[in-house]
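Protein sequences, first through last, are from chains L and D.
Taking this note's numbering, the leading residue of the first sequence gets 603, the next gets one more, and so forth.
Taking this note's numbering, the leading residue of the second sequence gets 603, the next gets one more, and so forth.
Number of protein chains: 2
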Amino acid sequence: MKKTLLILLTGLFIVTTSARDVYQTQRHSWLEKAEAAKPVLLKTICNPICLLKSVHDSNAFQGWKMERIADMDSLYKVSFKTKKEAIADFGRHLTGNISFRLKAIDNTPDAPVRLKFTFAEVPAELNTPFDPYPGVLSRAWLQDEIMTISQFDDEITIPRRFAFRYMKIELLGASPYFDFSISGITCTATTSAIGITQKLADTTPPVIKEINRVSLETLKECMQSVYEDGPKRDRRLWIGDFYLQSQVNTYSFKNHNLTKRCLYLLAALAADDGQLHADVFETPIPHPQLGVHCLDYSLLFNSTLLEYLKTTNDKETALDLWPVVQNQVKYALGFLNGNNIFDPSVKKESLWLFFDWNDKLDKTVAMQGLLIFTLNNSCQLARLLNKEQEVKEWATISLQMIKAAKKEMFVPKQGVFLSGNQHQLSQLSQVWMILSGALTPSEGQKALKVAIESPISIYPVAPYAYHYLIEAMIKCNMKNEAKKLLIDYWGGMVNKGADTFWEVYDAKNDYLSPYSFYPVNSYCHAWSCTPAYFIQKYPDIFQK
Amino acid sequence: MKKTLLILLTGLFIVTTSARDVYQTQRHSWLEKAEAAKPVLLKTICNPICLLKSVHDSNAFQGWKMERIADMDSLYKVSFKTKKEAIADFGRHLTGNISFRLKAIDNTPDAPVRLKFTFAEVPAELNTPFDPYPGVLSRAWLQDEIMTISQFDDEITIPRRFAFRYMKIELLGASPYFDFSISGITCTATTSAIGITQKLADTTPPVIKEINRVSLETLKECMQSVYEDGPKRDRRLWIGDFYLQSQVNTYSFKNHNLTKRCLYLLAALAADDGQLHADVFETPIPHPQLGVHCLDYSLLFNSTLLEYLKTTNDKETALDLWPVVQNQVKYALGFLNGNNIFDPSVKKESLWLFFDWNDKLDKTVAMQGLLIFTLNNSCQLARLLNKEQEVKEWATISLQMIKAAKKEMFVPKQGVFLSGNQHQLSQLSQVWMILSGALTPSEGQKALKVAIESPISIYPVAPYAYHYLIEAMIKCNMKNEAKKLLIDYWGGMVNKGADTFWEVYDAKNDYLSPYSFYPVNSYCHAWSCTPAYFIQKYPDIFQK
């Protein structure tokens, strides 16, 4: 990570620094603090509740529904050589390790058995052939494992951690000389979501109660020894997901230590120039996905730290990580052109902006908005830490950027921001300019309504983007619209049987996948867990 | 194992014994002695020597030969995402655990990889689709494993022990965002064959030197913490294989402690009525294949113990196990009819006799011969242990059985024994009557020659049966024939590329399998390792 090279040459130290490491003195202590805040995972032994069969149904999500066929004893107490296949239902999404036993039911086992296990978050994962694999991401994310087992009676634990509700077992090989049964299937499920969440008001509509429940299940499953983006895939800490998770956590499980750990981990694993990496890994030792930076994500670190400070009043951590906040802003401001417009062409650097899956989205206005949003939050953080003097120009730049955006990107007649050379109209452009404070609530309402109603406007795709749309609606006092959207979008997933909220959801296309193979989508994904945040934070909108 | 049932009923012990356990007082100490004699395995780190490709060749054994294509660096130093498949050659048969490393060669690994490993004793195992599996034995014996690996840089060890020379690696899944190489493949090979074997005389023909070498490799690979029948399959102690292995061991590695361990294990795990089980397992705790008895195997325990005593002079062990010797004979004598002929119909019990794979073989004469052979060896054992008084009738019965066989089974005109109601002529009938001592060398020669030359005679199939044929030839002073057969049969395997001798070998049919799928045959099999015994024991025949 550190590129400092020490060469001992005839008694002389020559220090070659290929790039100055701006956090050289802090990294070690940041990593130690991240380690000290590592949660002890809560382990729960969960049993499957029944056996299911898959039923093709074109009305069901992705074409498959599951039907209960028998209780577990009809697996546990019969020959698996006869049965050959079974699907167990754990009744809810779990993240953890599976154990089971094989028991000989007649003669002495004289050969290993070969079993295939497939773990699924949604029914279609059990019913879509994985091979030949057409997907973009690694085939190895798919949760099927083949095991050769010689061990009888003892408990066998599959080493790989799975994220799933359904467990399919298939017999691939057995000896003709003995029979056996499978029994004692358990999942040791883990989470660091230990706190008790607040009950909703009795007036809360049932659909919102259900959305809230599924949101919290989603967050709980993603809360492991870091905030993972998805326990099936990618199983790591991404800043964008983290920002949303930590806010839901504030309104639910209140495991603020996990937020602290992730803030420190990201900081400790930043690049030498101070830029955060978009995602980091915990094992075998904490390390970043080297060279992968996402500017909108990096900037959200600042807002995450602000919310953490406001929630916990942990000034020590906020002061410790203040240099990281400064560096993210400093780096982003380097992209401003002479007119205070964020312009990637200013720097000769490759730049990754995310905001949403939609490749068609022009991100210029959104980035202008997110940078203003970040400046405002970072100034608020500075005030809480008595650091205003260090960043006094930020408030000014924020105002200049708003002014510039209104001048260069806003079309007063229509009341909307248009993005890029093609003057693209999109919902997210309005969303981020609203969150930046550039528009009054009534201006914001108008902009959003135009962008939502226009048939040529680019609409959000990922639940991640829908989160900011709802946040913007609430900021513009569009309470009914926010509530309706939450019920339509997340309630849509609930109606389609979601146990946890999905990484990708388009009401019109159950098979949408950014990876060319929908079974490799994550069906328990952090950035989709935010309804609980809205429901708890804005009871006057959602709990009546 | 013990069927004694203790029921505590209102202060009263009711002891229900479904069958008296004849070894009740000894079992525990026998197991302890087996455990005390358990060898510490010699572990050797072995590296693959080069990369190979499979070449279809109708002249090669089972249609495939391997050709060297590159050194290991052409795997270790290149992208495996590009290479996708490799076959490593360890240059010899090994039994042990495989370790390797995955190294990222550009970006940070962001997803698991999915690899398939196939381990093969012979080339066809790499080139014959395993599925859909047509074989009789468990599909799980085939040595292919699919692994999902997230661990980079660290050494990864595949938990399953393999028996193999060739290792194929195939890429089933990887991330588009990083590349990796596979390196540092090693096999930690194990054996309990630690002694140094004696060099052959310089006069030994090269083909016999080679047969001797391959024999010893075969035995070495099968010598683990017991004498296994085959390290790929069935990986356990079978009495029939054990008898042959222990004799080869006497003339090679001289690990007599392993023989002692196996004698005690078999004894400790015998049935309550005293009968030995045909095979036993070591893990998780020593246990027999319950209910599986093979009478010809059981009786060979006695000869194994005799040879052990003659080699080691360990009277303590022989005296300890003397009751087992007596019980095997006693049980077998129960099958004699009034005319001193072994007759399965005497007892109303199912009886398994092996002798050879050949289902057509009538085993009546062979069993008569093997029982006489066992009586003779058991009497010899009794003399060495001063136990003649306990079994004084055995010598008499042996003579009566010879007399009866000559009367009822022998056709003086042709000079051969004919077996069963169909008066079947077979080589093995003559073999076992020769080994029983019923025929003089010249009578034996005549019988064997007739049986070998007759077109309707049943010939041996398994190498196990060929062993006894050679032993019988030597006993009849058919030195040239014995030598020629050894060179033809085992030399045939050597000529076809055997690194170790095979479980099944028919010069005329490379694809022969008793299990309906030749890749599941064992290609390193204990009962085929006996040429080294002959070569060392009879230097005047084989070493010139």
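All residues carry an ideal CB built from backbone N, CA and C; glycine is no exception.
Out of the options, state which residue places its alpha-carbon closest to the alpha-carbon of residue i.
i	options	result
Glu823 (chain D)	D:Asp875, D:Ile751, D:Phe764 and D:Gly876	D:Phe764
Lys1005 (chain D)	D:Lys994, D:Phe1019, D:Glu992 and D:Val993	D:Phe1019
Pro725 (chain L)	L:Ala1100, L:Trp1129 and L:Tyr1066	L:Ala1100
Ala869 (chain L)	L:Ile1137, L:Lys1139 and L:His630	L:His630
Met749 (chain L)	L:Leu728, L:Lys686 and L:Phe719	L:Phe719
Lys1110 (chain L)	L:Tyr1091, L:Met969 and L:Phe766	L:Tyr1091
Lys705 (chain L)	L:Glu747, L:Gln753, L:Leu696 and L:Ala742	L:Gln753
Leu1041 (chain D)	D:Arg716, D:Val624 and D:Lys1009	D:Lys1009
Tyr845 (chain D)	D:Phe721, D:Glu909, D:Gln800 and D:Met1035	D:Glu909
Thr913 (chain L)	L:Leu983, L:Leu973 and L:Arg837	L:Leu983
Val715 (chain L)	L:Gly693, L:Ala742 and L:Lys686	L:Lys686
Lys770 (chain D)	D:Ala662, D:Ser1118, D:Thr730 and D:Met1011	D:Thr730
Asn1079 (chain D)	D:Val1052, D:Asp755 and D:Lys1048	D:Lys1048
Leu643 (chain L)	L:Ser1130, L:Trp996, L:Ile760 and L:Tyr829	L:Tyr829
Ala1067 (chain L)	L:Asp958, L:Cys789 and L:Ser681	L:Asp958
Ala1074 (chain D)	D:Asp746, D:Thr1102 and D:Val1033	D:Val1033
Residues in the same chain with beta-carbon distance under 7 Å from residue i, minus the five sequence neighbours each way, listed in chain order, please.
i	result
Leu611 (chain D)	Reliability of the predicted coordinates at Leu611 (chain D) is poor, the pLDDT of 32 falling under 50, and no value is obtained from them.
Lys1139 (chain D)	Tyr853
Determine the extent of the beta strand (DSSP E) in which residue i is found, giving its start and end residues.
i	result
Arg694 (chain L)	Glu687 to Ala706
Val1018 (chain L)	Val1018 to Ser1021
Tyr1107 (chain D)	No beta strand (DSSP E) contains Tyr1107 (chain D), which DSSP labels as neither H nor E.
Glu951 (chain L)	Looking at the DSSP string, Glu951 (chain L) is not in any beta strand (DSSP E), and its letter there is neither H nor E.
Ile798 (chain L)	Here Ile798 (chain L) belongs to no beta strand (DSSP E), and DSSP marks it neither H nor E.
Glu757 (chain L)	Glu757 to Thr759
Just grab the DSSP bridge partners of residue i for me.
i	result
Leu654 (chain D)	D:Arg670 and D:Ile689
Thr750 (chain D)	D:Arg716
Thr788 (chain L)	L:Ser701
Val882 (chain D)	D:Leu839 and D:Pro890
Which residue comes first and which comes last in the alpha helix (DSSP H) that contains residue i?
i	result
Glu823 (chain D)	Pro808 to Cys824
Ile1036 (chain L)	Gln1029 to Leu1037
Ala934 (chain L)	Lys917 to Leu935
Tyr899 (chain D)	Leu897 to Thr914
Cys981 (chain D)	Thr966 to Leu986
Cys864 (chain D)	His858 to Ala870
Tyr678 (chain L)	Asp675 to Tyr678
Met769 (chain D)	Premise fails: Met769 (chain D) lies in the beta strand (DSSP E), Phe764 to Gly775, not in any alpha helix (DSSP H).
Leu1114 (chain L)	It is not in any alpha helix (DSSP H) - Leu1114 (chain L) carries neither H nor E in the DSSP assignment.
The ligand MN and residue i: does the residue's C-beta get closer than 8 Å to at least one heavy atom of that ligand?
i	result
Phe956 (chain L)	As presented, the structure is devoid of all ligands, the ligand MN included, so that no description of it is given.
Does the Cβ-Cβ distance between residue i and residue j come in under 9 Å?
i	j	result
Val639 (chain L)	Leu860 (chain L)	The amino acid occupying residue 639 (chain L) in the given sequence is Ala; Val does not appear at that position. Their beta carbons are under 9 Å apart, which means Ala639 (chain L) touches Leu860 (chain L) by this criterion.
Ile1076 (chain D)	Ile1143 (chain D)	yes
Ser544 (chain L)	Val927 (chain L)	Outside the modelled stretch of chain L, which goes from 603 to 1146, sits residue 544 (chain L), for which no answer is possible.
Gly698 (chain D)	Ala791 (chain D)	yes
Lys917 (chain D)	Leu986 (chain D)	yes
Thr966 (chain D)	Ser1056 (chain D)	no
Ile689 (chain L)	Phe782 (chain L)	no
Ser777 (chain D)	Pro778 (chain L)	no
Asp733 (chain L)	Leu774 (chain D)	yes
Leu977 (chain L)	Met1003 (chain L)	yes
Leu744 (chain L)	Glu772 (chain L)	no
Ser1044 (chain L)	Ala1007 (chain L)	no
Val1122 (chain L)	Arg835 (chain L)	yes
Val1096 (chain L)	Val894 (chain L)	no
Residues in its own chain within less than 8 Å of residue i by CB, not counting five upstream and five downstream?
i	result
Gly786 (chain L)	Tyr678, Ser701, Phe702, Arg703 and Glu757
Lys655 (chain L)	Met668, Glu669, Ile671 and Ile689
For residue i, which residues in the same chain have their Cβ closer than 6 Å to its Cβ, ignoring the five residues on either side in sequence?
i	result
Asp1108 (chain D)	Leu1114
Gly613 (chain L)	Caution is warranted here: a pLDDT of 34 is assigned to Gly613 (chain L), below 50, making its placement in the model unreliable, and the coordinate value is therefore given only provisionally. Counting only Cβ-Cβ distances below 6 Å, and skipping sequence neighbours, we find nothing.
Val657 (chain L)	Lys667 and Glu669
Tyr899 (chain D)	Ile841, Gly842 and Ala880
Cys652 (chain D)	Arg670, Asp673 and Asp691
Phe615 (chain L)	For Phe615 (chain L), the predicted model reports a pLDDT of 36, less than 50, meaning its position is unreliable and no value from the coordinates is stated.
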